[in-house]
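There are 2 protein chains.
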Amino acid sequence: MKHLKLKLLIVLISLTFIVPAWADEGLWLFNMPPASALKARYGFAITPEWIQHLRLASVRFGGASGSFVSPDGLVLTNHHVGQGALQNLSTKDRDLMKTGFYARTRAEELKAPGMELMVLQDIEDVTARVSGAETADMTPAQAAAARDKAIAALEKESTDKTGLRSTVVNLYSGSMYHLYRYKVYNDVRLVFAPEYAVAFFGGDPDNFTYPRYDFDITLFRIYENDKPIASKSYLKWNTAGLKEGDLIFASGHPGSTGRLLTMAQMEFLRDVSYPFTIVNYQRRRALLQDYGKRGPEYARQAQGTLFGIENSLKATIGYQSGLLDKALMDKKAKDEQAFRDAIRKDPALDKEFGRAWDELAQAEKKYAEFFKAYRFFEGGAGFTSGYFTMARSLVRLATERTKPNDERLREYRDTALPALTRRMLTVTPIYDELEVANFTDALIQLQKEFGQQLEVKWLFAGRLAEDIAKDYIAGTKLKDPEVRKKYVDGGLDAIYASDDPMIKLALMVDPISRGLRKRYEAEVEPIEARNGALIARAIFKVKGASVPPDATSTLRLSFGTVKSYLENGKKIPINTSFKGMYDLAAKAGNKPPYELPASFLAGKAKMNLETPIDFIATCDSIGGNSGSPVVNRKGEFSGVLFDGNIQSLPARFVYSDTQNRSVMVHSQGIIEALTRIYGAQPLVNELLGKK
Amino acid sequence: MKHLKLKLLIVLISLTFIVPAWADEGLWLFNMPPASALKARYGFAITPEWIQHLRLASVRFGGASGSFVSPDGLVLTNHHVGQGALQNLSTKDRDLMKTGFYARTRAEELKAPGMELMVLQDIEDVTARVSGAETADMTPAQAAAARDKAIAALEKESTDKTGLRSTVVNLYSGSMYHLYRYKVYNDVRLVFAPEYAVAFFGGDPDNFTYPRYDFDITLFRIYENDKPIASKSYLKWNTAGLKEGDLIFASGHPGSTGRLLTMAQMEFLRDVSYPFTIVNYQRRRALLQDYGKRGPEYARQAQGTLFGIENSLKATIGYQSGLLDKALMDKKAKDEQAFRDAIRKDPALDKEFGRAWDELAQAEKKYAEFFKAYRFFEGGAGFTSGYFTMARSLVRLATERTKPNDERLREYRDTALPALTRRMLTVTPIYDELEVANFTDALIQLQKEFGQQLEVKWLFAGRLAEDIAKDYIAGTKLKDPEVRKKYVDGGLDAIYASDDPMIKLALMVDPISRGLRKRYEAEVEPIEARNGALIARAIFKVKGASVPPDATSTLRLSFGTVKSYLENGKKIPINTSFKGMYDLAAKAGNKPPYELPASFLAGKAKMNLETPIDFIATCDSIGGNSGSPVVNRKGEFSGVLFDGNIQSLPARFVYSDTQNRSVMVHSQGIIEALTRIYGAQPLVNELLGKK
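Chains as they are written, first to last, in our numbering: chain A, 760 to 1450; chain B, 760 to 1450.
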């Protein structure tokens, strides 16, 4: 019965990918592209070759995106995506964030420690096998465990067979399961990065806004066996530019959207989750800003994290603004009510789907009871420290390894271990003073919120958070990758024999964290999964139209047009130019955040100032799309997505193309700056395919 | 090669069980009885039927002994063996320790909570399968793990197949492995116990001495399905008594002897282990005595534990006196040196066995490094509390259950779980004030010895041991067996979700304990096992004579004669009488520890005062033999072993029959007191087989 329905659903989805009601909305699956919508709206016939080429030219950067832009393994992404690598390659005396970097020869390219890139090789529908693992008599938690086991087996099977990293992706809240297979690359070298000042021109105030003038790009090259790889599927360069109304596509890894969420789930985010997140980010931002005031080297150390926090904070405030928008929420509530009424009227539909909304509401209510504890312990908000994070990974790695593969915590399954182990053994800079500052702050919050918890009493023992933080950071030996290796290799025996304070702390708090996680995985996650899937099916059944799945940090295709919009009655143009950038800097007296680096000041005379630097389009995107290549009909690289305007933030929940725009660095601007400012002719030749 | 040698060894042992050089020494295996020694020395032909009957009439009481003495499941043991049951059946208003107990009818018999008795059904030699699990290229720790795995499999197989509790016993330090199968009984009811005052007449001062006047017996009855079991193999009563020179046998569960230990091992006990144990017992004795001074009810609560500690303390001091006896140790050293010289002279023997002594010495040296930590954490000396013990069992039960059977800590294997679970769910009295006193004392020691250990710092947090103890004892819900059941059933999820302070504490210290245990099981135990086995084989090879294995808490047969001895030139008679008992009480003004209860004072006139109460024999015994039936050639019950004289204590290491004697309650004394003092005619009739 269940399987029949599932098959029906899949047929429905396959047949009905027609234009949705919401214009260019959609973060589409590469194996289910919106072919008829593209045909109907834009007369564009998407071919299997076209889409396969774009898929193989797309590169996954952790939670973000990039693309091959030459046949020699050259990968283009955003500066802010490559920032971790830049920070890791910097020292007190070589600040690549500040100075930028350009490798004039391949020999000068710098290997980024611990960096891992992935290319999606293929996708397989495994819904039948995953959903087939559950039986009608199971509780939601049992069903979740059964599916989880099937997923672990599928992933391991595929990895063992193909050698490719294999991950099952849960789509439409559990209505479909697809197996993604990635080729993984670990030798990634820095080729070019501009100065942070020009990459993030306008700084935090201008983040998530438009018009914008950011040169937010970085180039890496992938090596294997000490040679650049041959990247056959790469994007050719669009030198002709784009004009209003041009159809474009973005290919990247949007992290998560909540467009299929119910009112109860959105209210949970609005009333419980986001308020916590925002306050937490705000406090941490202030902390890191203070830390940076101790001196330039301190500012440098804090920069990467501070950027991340400011970026996330601004995004979250934007999402929250959507949830706090009464008109938007009223409409959502009305739509949901209308849909539920429609379901309720049909006894068969009501029996099948009717309870889903209330059960979801129940699950969110339960989650609210322990959400804060979950974030502090399992989420780590009470223990912000790179060493603590390592210690916990080492403790859990050792523990989970003693279990059969399919009974482990997801992130410690065999398929995940090579990357985890590599991360543990990589040397990346950690700054002990910064660690103390972060850890102290986290402990203060921990005591404030959970001071009555026995474990927290143990940890504090009447001492000050700062003294504890100093002791533990000074005492841990985890800064030495050889020591970490000892724990990776030695397993539980080494962990139990350890006298490292961070290992001991991780051991001490792990039971609480696991308890909370278990609770989440029993009381919240499976209820959300089951009822989310029910609602997705109900939408298919009732609306008979296609709805793209919510984002899941996996490769998606979105489309749209280069399009201006109106703001306060004023037309906002499709692109900005270098001229606008120089003007803005001059107006600000070249002071941060509108300070241009020496290279740009010196090169101004050589520049064609009318060259576009950034541009906008209606294509759907969200965090994780950073670094996404944007291509034209011919599949040519036309720009790299790096942001959305402020109006795009509520699109996490409700998309609209009235003002919502993605923001890209323009392909012409890239060539202009590389040529005139950086004198990077060999790189330009490589991008343009000139010998 | 290894197997061939093992077979040779077994043949040697089977063929050469002739009289050892040390007279009546020996705690013999029931499946390898000293037949030729008995024949040669005493002209006694031991038959398979005789020994099987004695085996099936023997009952295991935890770590002690007892026997069937009627066809209706009646079991006789010592009062001090049954003491736990008496304490558990007592309350503030019904103090069975003080008043004694006699069930005139079966309906009055009292079910002892949590009591478990076992009867050995058969023994199988599984040496080949256990030793066959190791290969020549394994390290000692790997070999130990391999043997352990084989043992777990054997035990599980046997339990699954037979329904009998199956345990593999390691004999001769790993030269032989025998599988013991037990029938387990859980419905055990109290039938008769005398007053503590007469059971332990003379108290701690007279413990481990002779002459002695203790009526140290208790009778239980085993039920199944609410009916007494039919105990076909029971011991008929010897009414005729015994005389000087009579051959007797004892059948029981001697705990451990160290007669095959090397000098290095004995020095470890003398210099590291016993000094720790003795000081610990002395401190705890003082603590419990102080506790008892708070009032009669306090004294009652502490009595059971105090008795146990005084008993063990006296025994350990006795063992230590042997180790501190220069003459004895010099002789042992000389013997060992001579033996090692003999080995060294023969290159083949030297190659095979020569290194064993030095390796053992190395292992003891390593053990000394963490012995104290091991005792405090894994041994629990730092956490003396019934609740903590429960909490740790619950935490470990939940953890170990997630592992495959053969990878678990031994005591959590499937074969051990029914008993463990039953223990967890049984209601037995725990006294919170006593818990606080014990726990406080343990925590004070813990802080003194391990105050610098991070976990101890956490626990203390600047607080006083007593405050911590009060908090944790008051806070734990483990007093409620329903709560314990929740953890037994709920596994790790319930443990992790727990807010019980004892559970949290057990979780917090478990990694340290496990680390120490792992260290012991890697660095000490397997080295002792391998080299102990080597030495045992060397003894067989060189001496060509039989040596009984050291005690292992499993059923053993010893033999000897009723025999007086000389002390300070004075002959110590083979038995004492009730007359001596009354005289001693009168001389002491009937004050403790020579205070006779009202029943004995009132009944004096009816008594035949010449009836023997206690008697002695040369048969080998050690702690665990308490409650052992002593039988004559006809296999008739002639007394119950309850002690050894003070000269018997060093026999843990070196047996001598010059003065070393076991002490028994006499079968005639039992009948006399039951009849005249307690008017227990129905019980007497049952014992004598009269209707």
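Where is the CB? At the ideal position from N, CA and C, for every residue including glycine.
Taking C-beta pairs closer than 8 angstroms, name the residues in chain A that B/Leu-1218 reaches, listed in chain order.
Trp-1217
Can you give me the Cβ contacts of B/Thr-1143 inside the same chain, cut-off strictly under 8 angstroms, excluding the 5 residues immediately before and after it?
Arg-1043, Asn-1197, Phe-1198, Asp-1200 and Ala-1201
Reducing DSSP to helix, strand and coil, say where B/His-1425 ends up.
strand
Are A/Pro-1307 and A/Gly-785 touching if we call contact CB-CB under 8 angstroms?
yes
Counting only Cβ-Cβ distances shorter than 9 angstroms, please list the residues of the stretch 1164-1180 of chain A near chain B, keeping chain order.
Glu-1166
Check whether chain B comes within 8 angstroms of A/Pro-1441, counting only Cβ atoms and requiring the distance to be less than that.
no
The ligand NAP and A/Ala-1376: does any heavy atom of the ligand fall closer than 7 angstroms to the residue's C-beta?
Looking at this structure, you won't find the ligand NAP or any other ligand, since it has none at all.
Reducing DSSP to helix, strand and coil, say where B/Glu-883 ends up.
strand
In chain B, what lies closer than 8 angstroms to A/Lys-1073 by C-beta?
Near A/Lys-1073 there are no residues of chain B at all, since even the closest Cβ is about 36 angstroms away, more than 8 angstroms.
8 angstroms Cβ cutoff, B/Gly-1274 in contact with chain A
yes
Whose Cβ in chain B lies nearer than 7 angstroms to the Cβ of A/Leu-1213?
Pro-1260 and Lys-1263
Inside the stretch 856-900 of chain A only - beta strand (DSSP E) runs reaching at least 3 residues:
876-884
Residues of the stretch 853-884 of chain A with Cβ closer than 7 angstroms to any Cβ of chain D, in chain order:
In the displayed structure, chain D is absent; the protein chains listed are A and B.
Closer than 8 angstroms, Cβ to Cβ, to anything on chain A: give me those residues from the stretch 1116-1148 of chain B, in chain order.
none
Identify whether B/Trp-781 lies in helix, strand or coil by the three-state DSSP scheme.
Note on B/Trp-781: pLDDT 48, under 50, position unreliable in the model; the coordinate value appears next. Residue state, collapsed to three classes: coil.
List the residues of chain B whose Cβ lies closer than 7 angstroms to the Cβ of A/Gly-1249, in chain order.
None at all; the shortest Cβ gap to chain B is about 11 angstroms.
Pick from A/Asp-881, A/Leu-1065 and A/Gly-1014: whose alpha carbon is nearest that of A/Asp-963?
A/Leu-1065
Sequence-distant residues of its chain with Cβ nearer than 6 angstroms to A/Arg-1029 (five each side left out):
Leu-1082
Chain B residues whose Cβ lies nearer than 7 angstroms to that of A/Asp-1252:
Lys-1277
Does DSSP put B/Ile-1189 in a helix, in a strand, or in coil?
coil
Kindly indicate which residue of A/Ala-1132, A/Gly-1249 and A/Leu-1019 has the alpha-carbon position closest to the one of A/Tyr-1414.
A/Leu-1019
Backbone secondary structure at A/Ala-1292 - three-state DSSP
helix
For A/Ala-1228, does the count of other Cβ atoms within 10 angstroms reach 16, so buried, or fall short, so exposed?
buried
Given A/Glu-1137, which residues of its chain have a CB within under 7 angstroms of its CB, disregarding the five upstream and five downstream residues?
Ser-1272, Leu-1275 and Arg-1276
Nearest to A/Gln-1204 by alpha carbon, out of A/Arg-1182, A/Gly-1141 and A/Ile-1429?
A/Gly-1141
Which stretch, first to last residue, makes up the beta strand (DSSP E) that contains A/Thr-977?
977-983
Simplified DSSP assignment, three categories, for B/Ile-1331:
strand
DSSP three-state call for A/Ser-849: helix, strand or coil?
coil
Rounded straight-line distance, which links the Cα of B/Pro-1270 to that of A/Ile-1254
8 angstroms
Contact residues within the stretch 887-904 of chain A, judged by C-beta distance below 8 angstroms to chain B
none
With 16 as the cutoff for other CB atoms within 10 Å, does B/Ala-780 come out buried or exposed?
In this predicted model, B/Ala-780 has a pLDDT of only 42, less than 50, meaning its place in the structure is not dependable; the value taken from the coordinates is given anyway. B/Ala-780 is exposed by the Cβ-count criterion.
Checking 8 angstroms against the spacing of the C-beta atoms, do B/Ile-1068 and B/Leu-1087 come in under that value?
no
What are the residues that DSSP puts in a beta bridge with A/Pro-987?
A/Tyr-982
Counted within 10 angstroms of its Cβ, other Cβ atoms place B/Lys-1365 as buried (16 or more) or exposed
exposed
If A/Met-874 and A/Val-947 are in contact, beta carbons under 8 angstroms, what's the gap, nearest whole angstrom?
4 angstroms
Just tell me which of A/Met-1423, A/Ser-1421 and A/Leu-1446 has its CA closest to the CA of A/Leu-1433.
A/Leu-1446
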